[in-house]
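Student:
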Amino acid sequence: MNTTSSTRTSVIFRGYRPDDLKACARLAKEAFPYGRGTSGKDEGEMTMKGYVESSLLYSTWSEVACIGDAVVGFLFGRIEKTWKGRSRMRTLLVELSMTARFLLRNPLMLARSFGLMWNVWITELKLAEHRPRSDAEIELLIVDSKNRGEGIGKDLVDRFITAAKEAGAEVVTLYSEDLQSNYQFYEKYGFRRVATFYDDVTSYFANKASTAIIYALDLKQSTDTERQ
Ligand SMILES: CC(C)(COP(=O)(O)OP(=O)(O)OC[C@H]1O[C@@H](n2cnc3c(N)ncnc32)[C@H](O)[C@@H]1OP(=O)(O)O)[C@@H](O)C(=O)NCCC(=O)NCCS
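If you want my numbering, it's the position in the sequence shown, counting the first as 1, plus 227.
1. With 16 other CB atoms within 10 Å as the buried threshold, where does R305 fall?
2. Between R419 and the rest of its own chain, which residues show a CB-CB distance below 7 Å, the 5 nearest in sequence each way excluded?
3. Restricting to runs no shorter than 4 residues, where is the alpha helix (DSSP H) found entirely within the segment 316-404?
4. Just reading off the beta strand (DSSP E) that F240 is part of, what are its end residues?
5. For a quick check, are the C-beta atoms of E272 and R386 less than 8 Å apart?
6. Compute the beta-carbon to beta-carbon distance between Y402 and L352, rounded to the nearest angstrom, for a pair I have assumed lies under 8 Å.
7. Select from T438, V298 and Q407 the residue whose C-alpha is nearest the C-alpha of F259.
8. Within its chain, find whatever has a CB closer than 8 Å to the CB of R360; leave out the 5 residues flanking it on each side and keep chain order.
9. Run through DSSP, which three-state label would A502 get?
10. Secondary structure at F303, three-state DSSP: helix, strand or coil?
11. So, with DSSP's three-state summary, where would you put T287?
12. Return yes when at least one heavy atom of ligand 1 lies under 7 Å from the C-beta of S237, else no.
13. Tell me which residues share the same chain as E356 and place their Cβ nearer than 7 Å to its Cβ, disregarding the 5 neighbours each side in the sequence.
14. Would you call the segment 235-248 and the segment 277-296 in contact, with 3 or more CB pairs under 8 Å?
15. Within 10 Å of its beta-carbon, does D296 have 16 or more other beta-carbons around it, so buried, or fewer, so exposed?
16. Just reading off the beta strand (DSSP E) that R420 is part of, what are its end residues?
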């Protein structure tokens, strides 16, 4: 992953570093403000750090966009061909132990979290059922609300798509939802909707019905279109 400037000279793209966790968690909290199942600033921050860290566990691509020293956006994703033998079972075990450490820190949180964990697992099962076969996946994409509309989200996705194509990937998929996410961005980008279903985890967090949307982008087709 190279460090490069975009056409806006002030935005730099570089690989994620562990000390970016706090900034990424802040952006995630701002983008996804619903917090049922957590209360208080510390719990909210811990939940978002856990969310960001667990997305990272399944990612082979993790890049941040910076203006000066400030992280203003990030994209985490997975390109199967660059997974390079990382064991999925080991990743799952690390995630389970992270979750256990997180929950055991606070017994109150443990009690509150049963509802959350149940809904997370139901959503994971539905995702496994509805997601088409793909060899690349966008896990998490967020741009600071103060910097939206400046092309940073598009640059982050362009850079991921370029890396996926270079690695020989043919289809990129992602999961979004209709309550908190600016999912229309992906439609503008050329992703097409391949499945929708009741989103248990977002509905739980927001206390309001939400629909999950699975998107796919056929890289062979977009390469063919570019060639024409
Ligand atoms: C989605 C998100 C990453 C877009 O980032 P951004 O930096 O504002 O997007 P860009 O400025 O690169 O926009 C690229 C194009 O998409 C369009 N676009 C951006 N957000 C859009 C939206 N909500 N609806 C429709 N089009 C949108 C822009 O108009 C632009 O079009 P153009 O090239 O014709 O000018 C940002 O809104 C965000 O972080 N949202 C909260 C988290 C989220 O929804 N993440 C993605 C789903 S999980």
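The beta carbon of each residue, even a glycine, is placed where N, CA and C say it ideally should be.
All values derive from a computational prediction rather than experimental measurement.
Tutor: So, from the listed chains and residues:
1. Counting every other CB atom within 10 Å of its CB across the protein chains shown gives R305 a total of 16 or more, marking it as buried.
2. So the list reads Y442 and A443, once near-sequence residues are dropped.
3. Listed in chain order, the complete alpha helix (DSSP H) runs (minimum 4 residues) inside the segment 316-404 are 334-357 and 379-393.
4. It spans V238 to G242 - the beta strand (DSSP E) in which F240 sits, taken as one unbroken run.
5. No; because the gap between Cβ atoms is not below 8 Å, this pair is not in contact.
6. Going by Cβ atoms, the distance from Y402 to L352 rounds to 13 Å, so no, they are not a contact pair.
7. Taking only the C-alpha atoms, the option nearest F259 is Q407.
8. Beyond the five residues adjoining it in sequence on each side, R360 comes within less than 8 Å, by CB distance, of V398 in the same chain, given in chain order.
9. Only positions 228 to 455 of the chain appear in this structure, which leaves residue 502 out of reach.
10. Here F303 carries a strand assignment [DSSP, helix/strand/coil].
11. Three-state DSSP puts T287 in coil, outside helix and strand.
12. If you check the C-beta of S237 against ligand 1, you find no heavy atom less than 7 Å away.
13. Once the five neighbours on either side are set aside, E356 has no close Cβ partner at all.
14. The segment 235-248, when compared against the segment 277-296, does touch it at the 8 Å Cβ threshold.
15. Looking at its Cβ environment, which holds fewer than 16 other Cβ atoms inside 10 Å, D296 is exposed.
16. That run of the beta strand (DSSP E) goes R419 to Y425.
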